[in-house]
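Mapping the sequence shown onto our numbering, position 321 (from 1) lands on 321, and the numbers just tick up by one. All C-beta atoms, glycine included, are put in the ideal place defined by N, C-alpha and C. Note that this is a predicted model, so its numbers are computed, not measured.
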Amino acid sequence: AATVRTSGGRFVFDELTSGIDHTHHVAPGYTADILVRWGDPITPGAPAFDVFNQSATAQLQQFGYNNDYVGFVQLDETGNRGLLCVNHEYTNEEMMFPNLGRQDRADFAAMTRALVDIEMAAHGGSVVEITKSDDGAWAVNLGSPLNRRISPLNTEMAIGGPAAGHPRMRTDADPSGTRVIGTLNNCAGGMTPWGTWLMAEENFHGYFWTDELDWDGDPDLSEQPHADSLKRYGIPGRWYAWGKVHDRFNLDRTPHEPNRFGWVVEVDPQDPQAMPVKHTALGRFSHEGADPIVAKSGHLVVYMGDDARFEYVYKYVSNGVITDDSTPSSDLLSDGVLHVARFEANGDLNWLPLVFGEGPLTPDNGFDSQADVLIDTRLAADALRATPMDRPEDVGPRSDGRAFVMLTNNSRRKPDQVDAANPRAKSKFGHIIEIAESGGDHAARQGRWSILVKCGDPGVASVGAEWHPDTSENGWFGSPDNCAIDAEGRLWIATDQGSKWHRTGKADGLYGVETDGAMRGRSKLFFRAPVGAEVAGPCFTPDIETLFVSVQHPGTDGTTSLKGFERVSTFDDPATRWPDFAPDMPPRPSVVVVRKIGGGKIGE
Ligand code: FEO
Ligand code: CA
Ligand code: CA
Ligand code: CA
Numbered sequence: 001a002a003t004v005r006t007s008g009g010r011f012v013f014d015e016l017t018s019g020i021d022h023t024h025h026v027a028p029g030y031t032a033d034i035l036v037r038w039g040d041p042i043t044p045g046a047p048a049f050d051v052f053n054q055s056a057t058a059q060l061q062q063f064g065y066n067n068d069y070v071g072f073v074q075l076d077e078t079g080n081r082g083l084l085c086v087n088h089e090y091t092n093e094e095m096m097f098p099n100l101g102r103q104d105r106a107d108f109a110a111m112t113r114a115l116v117d118i119e120m121a122a123h124g125g126s127v128v129e130i131t132k133s134d135d136g137a138w139a140v141n142l143g144s145p146l147n148r149r150i151s152p153l154n155t156e157m158a159i160g161g162p163a164a165g166h167p168r169m170r171t172d173a174d175p176s177g178t179r180v181i182g183t184l185n186n187c188a189g190g191m192t193p194w195g196t197w198l199m200a201e202e203n204f205h206g207y208f209w210t211d212e213l214d215w216d217g218d219p220d221l222s223e224q225p226h227a228d229s230l231k232r233y234g235i236p237g238r239w240y241a242w243g244k245v246h247d248r249f250n251l252d253r254t255p256h257e258p259n260r261f262g263w264v265v266e267v268d269p270q271d272p273q274a275m276p277v278k279h280t281a282l283g284r285f286s287h288e289g290a291d292p293i294v295a296k297s298g299h300l301v302v303y304m305g306d307d308a309r310f311e312y313v314y315k316y317v318s319n320g321v322i323t324d325d326s327t328p329s330s331d332l333l334s335d336g337v338l339h340v341a342r343f344e345a346n347g348d349l350n351w352l353p354l355v356f357g358e359g360p361l362t363p364d365n366g367f368d369s370q371a372d373v374l375i376d377t378r379l380a381a382d383a384l385r386a387t388p389m390d391r392p393e394d395v396g397p398r399s400d401g402r403a404f405v406m407l408t409n410n411s412r413r414k415p416d417q418v419d420a421a422n423p424r425a426k427s428k429f430g431h432i433i434e435i436a437e438s439g440g441d442h443a444a445r446q447g448r449w450s451i452l453v454k455c456g457d458p459g460v461a462s463v464g465a466e467w468h469p470d471t472s473e474n475g476w477f478g479s480p481d482n483c484a485i486d487a488e489g490r491l492w493i494a495t496d497q498g499s500k501w502h503r504t505g506k507a508d509g510l511y512g513v514e515t516d517g518a519m520r521g522r523s524k525l526f527f528r529a530p531v532g533a534e535v536a537g538p539c540f541t542p543d544i545e546t547l548f549v550s551v552q553h554p555g556t557d558g559t560t561s562l563k564g565f566e567r568v569s570t571f572d573d574p575a576t577r578w579p580d581f582a583p584d585m586p587p588r589p590s591v592v593v594v595r596k597i598g599g600g601k602i603g604e
């Protein structure tokens, strides 16, 4: 067997041992502490969390559920004060509510209006001010006037950009088509150069309902205008009971409401009075994230994945260039061109503009305006013959004109659908593509692409994994999801295997992956989650001395607890009660803060 060398490369830490158990672990020499959990009070006067006595009112003052993206805004020059901007993607009712008596996710009988409203209050986002003490420990500043919750229950948002006000965006409650309550399924995101937070709306289709079902029990869309659009987006998904108690989530009563979700939302975390804006110029799809970077040419560029099987990779390029006084009200996110990627077999990358009137995006093909192109981004990208990918998750741009695309897996790709950029049928473990834009300019219309790694166990030939040979048994992974590029340009990757961690025997984790030089493609395990959780939102402070990671949905995916909702919902037998480990507390999604013991930069 080859000797495994662990020296060399830019990730200098003793690798963590892979595996899976009830708690989280970090590489030797580091601490990983709980910073904030679902239910923790975050606003002055917020009630203490009581899992047996929840209410929407209380939840709106407490940290939300299933933390995903984490962004950091440094508030002063010491670096000891900052804002965390955290997405709360979705809820697991079977874990949240004791004695729900729910047998599976399709059983909505137990979901009352009060429980639905708690779920809605637990979605959205949190802004929390945190401060670092002299000993380096971070804590939530409960008294900060900047702490706030954003939710689909009661946060009013503006709709901006080319689709704002279009008839398809109007509802009885909002005849202007420019105001919407709340945001849904915010997965990953990004921070703009001017310090605002982009919350990406991902699986919004799952929240919509219909009472009109066909013989097979599937939604009957025959009476719906734009049925092709609804089908293309999987609306109504009927994942949640919200549409049973709130008319706006019921397609039969509010047919245009789904058009008002699936966008990227901009929030100014330093101004709690500022109304968030949904920027329609960035397209409508299951946005995994929205990670901005300033191109060499000065344009603002936002890379985005549409996380579903055979969906596309997108890039928005502003028409204007950034200036010192670019602000949330500047038009850099509302006036620009959305592009979709075509990965050519010869390694060329073409970015195809989604512009009304150009190419097939004309009335002959059902597009009557730029608003139509954006509301039906997926249909427009189909018409342009973009490359259908293996579930594009995060896309991490780097200042050198490169970007890294996480392609998490795709169980449905058939052998005759394999192509150069998606090289494995039934891809169980996913792969990562590196983009190098022409001239190192993120605003370029062309670039080159290559595969950085093919994920999975390199020791099993049939998997077809490709890593740098120095990658250890601990270092390989499957299902890349979120990524972060630290201030020194190093690539960190978090995984989300869903229930399929049985295939790897590894908990989801955070890995450092080399991108350059002789060590390119070598991966090392740095942090791992408790059973049933995914790792999301890796976020470094600018000095790289603190790392925030989201531990999302602990105790759920693929755990024994999921085999008996009823038992879990009484908290008798969860596979983990992380992080409280208390008999009367379910597992709680939490943000973890990682530091080097004794201080210093992480990973070096
Ligand atoms: Fe919400 Fe694509 O993960
Ligand atoms: Ca997630
Ligand atoms: Ca994700
Ligand atoms: Ca995922």
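Would you say the beta carbon of residue i comes nearer than 7 Å to a heavy atom of ligand 6?
{"i": "E201", "result": "As for ligand 6, it is missing from this structure, which binds only ligand 1, ligand 2, ligand 3 and ligand 4."}
Is residue i buried or exposed, if buried means 16 or more other CB atoms sit within 10 Å of its CB?
{"i": "N474", "result": "buried"}
{"i": "I130", "result": "buried"}
{"i": "D572", "result": "The pLDDT assigned to D572 is 44, lower than 50, so where the model puts this residue is not dependable; a value taken from the coordinates is nonetheless given after this. Burial call: exposed."}
{"i": "P587", "result": "buried"}
{"i": "Q446", "result": "exposed"}
{"i": "S144", "result": "buried"}
{"i": "V634", "result": "Residue 634 is absent from the model: the chain starts at 1 and stops at 604."}
{"i": "W215", "result": "exposed"}
{"i": "L115", "result": "buried"}
{"i": "I20", "result": "buried"}
{"i": "I602", "result": "buried"}
{"i": "T112", "result": "exposed"}
{"i": "Q54", "result": "buried"}
{"i": "N346", "result": "exposed"}
{"i": "N365", "result": "exposed"}
{"i": "D654", "result": "Absent from the structure is residue 654, since the part of the chain shown begins at 1 and ends at 604."}
{"i": "F249", "result": "buried"}
{"i": "I597", "result": "exposed"}
{"i": "G29", "result": "exposed"}
Enumerate in chain order the residues of its own chain whose CB-to-CB distance from residue i is below 6 Å, with the five nearest sequence positions on each side excluded.
{"i": "A380", "result": "L354, L361, V373"}
{"i": "G195", "result": "V73"}
{"i": "R490", "result": "R10"}
{"i": "E437", "result": "G401, A444, G447"}
{"i": "P388", "result": "F310"}
{"i": "M233", "result": "Position check: residue 233 holds Tyr in this sequence, whereas Met was assumed. Only H205 meet the Cβ criterion."}
{"i": "R662", "result": "The question about residue 662 has no answer here: the residues shown for the chain are numbered 1 through 604."}
{"i": "S411", "result": "K426"}
{"i": "K563", "result": "A caution first: K563 carries a pLDDT of 38, below 50, which makes its placement in the model too unreliable to give a value."}
Need the endpoints of the alpha helix (DSSP H) that residue i sits in, please.
{"i": "T373", "result": "Rather than Thr, the amino acid found at residue 373 in this sequence is Val. Run containing V373: 370-375, per the alpha helix (DSSP H) assignment."}
{"i": "K454", "result": "Premise fails: K454 lies in the beta strand (DSSP E), 446-454, not in any alpha helix (DSSP H)."}
{"i": "K428", "result": "Here K428 belongs to no alpha helix (DSSP H), and DSSP marks it neither H nor E."}
{"i": "D394", "result": "Taken as a continuous stretch (DSSP letters only), D394 belongs to no alpha helix (DSSP H), being part of the beta strand (DSSP E) at 392-398."}
Near residue i, which residues of its chain fall below 7 Å by C-beta distance, leaving aside the five closest residues on each side in sequence?
{"i": "V127", "result": "L83, C85, L146, N147, R148, P269"}
{"i": "P162", "result": "T280, A281, Q370, A371, L374"}
{"i": "H256", "result": "R168, M169, R170, T171"}
{"i": "I435", "result": "L349, R402, A403, V405, G447, W449"}
Can you give me the Cβ contacts of residue i inside the same chain, cut-off strictly under 8 Å, excluding the 5 residues immediately before and after it?
{"i": "V463", "result": "K428, F429, G456, D457"}
{"i": "P193", "result": "P292, V294, L300, I322, S326"}
{"i": "G165", "result": "I159, S176, G177, T178"}
Spell out the partners DSSP gives residue i in its beta bridges.
{"i": "W197", "result": "M191, V267"}
{"i": "P219", "result": "L213"}
{"i": "V594", "result": "A32, L547"}
{"i": "H299", "result": "V321"}
{"i": "G262", "result": "DSSP, once it has assigned bridges, lists no residue as partnering G262."}
{"i": "I485", "result": "L491"}
{"i": "V405", "result": "V395, I433"}
{"i": "E311", "result": "M389"}
{"i": "H287", "result": "D306"}
{"i": "Y316", "result": "V302, L338"}
{"i": "V12", "result": "None; V12 has no bridge partner."}
{"i": "G512", "result": "W492, K524"}
{"i": "F343", "result": "L349"}
Return the first residue and the last residue of the beta strand (DSSP E) that residue i is part of.
{"i": "S126", "result": "124-132"}
{"i": "W467", "result": "Unbroken run through W467: none, as it is neither H nor E."}
{"i": "Q74", "result": "67-74"}
{"i": "S326", "result": "Looking at the DSSP string, S326 is not in any beta strand (DSSP E), and its letter there is neither H nor E."}
{"i": "E93", "result": "Counting along the chain, E93 falls outside any beta strand (DSSP E), though it belongs to the alpha helix (DSSP H) covering 93-96."}
### Task
Would you mind listing the beta strand (DSSP E) stretches within the region 155-185 that are 3+ residues and don't spill past its ends, in chain order?
156-160, 179-181
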